[in-house]
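Have a look at the structure below before the remarks.
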């Protein structure tokens, strides 16, 4: 039965691929934006493709119409309905993009505070800028990692049209809504429901944070080689025990 809406399924699977490109490039501005725009173009085509796929089946048309009306009133599709040629340009990311810097102990956040991560710079570049500021600002350095924690940077991508939602979350929600429309249509045509569970998805917390090397931070900011310090302390303890 899935072959009856093969074009719609093909677009949906393509959207899925673009989602993972957004995940893997989340900390790189241009690749992330390119993947987002590819997702938008693909998702924007799906309602028209799905309507075309079911045009010969009146019952399926009713199901599709109901889902697409709901879809067009939410999130990304609400924006697309108002702005048909909507594409995310670099400047659109400026004011709504946010960043934080801080430290983690294992998976636990120890401290975090706002730090500007510019929309035209990678997270690695922002982190390098943070380290340079730590060299000049002892208070900022004091908020950084100690011997039990590692430095970390968080970032989110937002636009003025959707100010309260991270763009990756918006895209995943759109994919799920499209999948619900497809799944209901397939069941109306006598097929089995689609699996919308997305076990391959990474959690937002994993995607939005980038954890850096504690050893490299101490070496580049403080001029301290933690490995060498550890060996020195062990040797000193050994001498004291003699």
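In the working numbering, the protein residues as written are 2 to 243. Don't be surprised by glycine CBs; every beta carbon is placed ideally from N, CA and C.
{"query": "Below 8 Å CB to CB, which residues in the same chain sit around residue 205 once its five sequence neighbours on both sides are set aside?", "result": "167, 169 and 170"}
{"query": "Taking residue 59 as part of the alpha helix (DSSP H), name the residues at either end of that continuous run.", "result": "59 to 72"}
{"query": "With a threshold of 16 other CB atoms inside 10 Å of the CB of residue 148, please say whether the residue is buried or exposed.", "result": "exposed"}
{"query": "Over the uninterrupted beta strand (DSSP E) stretch that includes residue 115, give me the two end residues.", "result": "109 to 115"}
{"query": "Tell me the start and end of each unbroken beta strand (DSSP E) in the stretch 109 to 190 that is at least 3 residues and wholly inside, in chain order.", "result": "109 to 115 and 151 to 157"}
{"query": "Beta strand (DSSP E) containing residue 237: first to last residue?", "result": "Looking at the DSSP string, residue 237 is not in any beta strand (DSSP E); the run it does join, the alpha helix (DSSP H), is 227 to 242."}
{"query": "Once DSSP output is grouped into helix, strand and coil, what is the label at residue 215?", "result": "helix"}
{"query": "Could you check how far apart the C-beta atoms of residue 100 and residue 113 are, in whole angstroms? I think they sit under 8 Å.", "result": "That belief does not hold up - the Cβ atoms of residue 100 and residue 113 are roughly 10 Å apart, past 8 Å."}
{"query": "Do residue 128 and residue 154 have their C-beta atoms within less than 7 Å of each other?", "result": "yes"}
{"query": "Bridge partners for residue 1 per DSSP, in chain order?", "result": "Not covered by the structure: residue 1. The range shown for the chain is 2 to 243."}
{"query": "If you reduce the DSSP assignment to three classes, tell me which class residue 210 lands in.", "result": "strand"}
{"query": "Buried or exposed: where does residue 28 fall if 16 or more other Cβ atoms within 10 Å of its Cβ makes it buried?", "result": "buried"}
{"query": "Name, in chain order, the residues that DSSP records as bridge partners for residue 99.", "result": "157"}
{"query": "If you check the beta carbons only, do residue 39 and residue 106 fall under 7 Å apart?", "result": "no"}
{"query": "With a threshold of 7 Å on Cβ separation, who are the neighbours of residue 79 within its own chain once the five nearest residues in sequence on each side are excluded?", "result": "73"}
{"query": "According to DSSP, is residue 52 helix, strand or coil?", "result": "helix"}
{"query": "Any idea what DSSP makes of residue 1, helix, strand or coil?", "result": "Residue 1 falls outside the range modelled here, since the chain spans only 2 to 243, and no answer is possible."}
{"query": "Run through DSSP, which three-state label would residue 223 get?", "result": "helix"}
{"query": "Below 7 Å between beta carbons: does that hold for residue 23 and residue 44?", "result": "no"}
{"query": "From residue 163 to residue 126, what distance separates their C-alpha atoms?", "result": "26 Å"}
{"query": "With distances taken between CB atoms, is the gap from residue 234 to residue 216 smaller than 7 Å?", "result": "no"}
{"query": "What do you get for residue 244, buried or exposed, if any count of 16 or more other CB atoms within 10 angstroms of its CB means buried?", "result": "The chain is shown from 2 up to 243; residue 244 falls before or after that span and cannot be answered."}
{"query": "How is residue 76 classed by DSSP in three states: helix, strand or coil?", "result": "helix"}
{"query": "Rounded to a whole number of angstroms, what is the C-alpha to C-alpha distance between residue 111 and residue 231?", "result": "23 Å"}
{"query": "If you count every other CB in all the chains shown that lies within 10 Å of the CB of residue 184, and 16 or more means buried, which is it?", "result": "buried"}
{"query": "Counting C-beta neighbours from all protein chains within 10 Å, is the total for residue 96 16 or more, i.e. buried, or is it exposed?", "result": "At residue 96, the pLDDT of 48 sits below 50, so the modelled position is not reliable and the matter cannot be decided from this model."}
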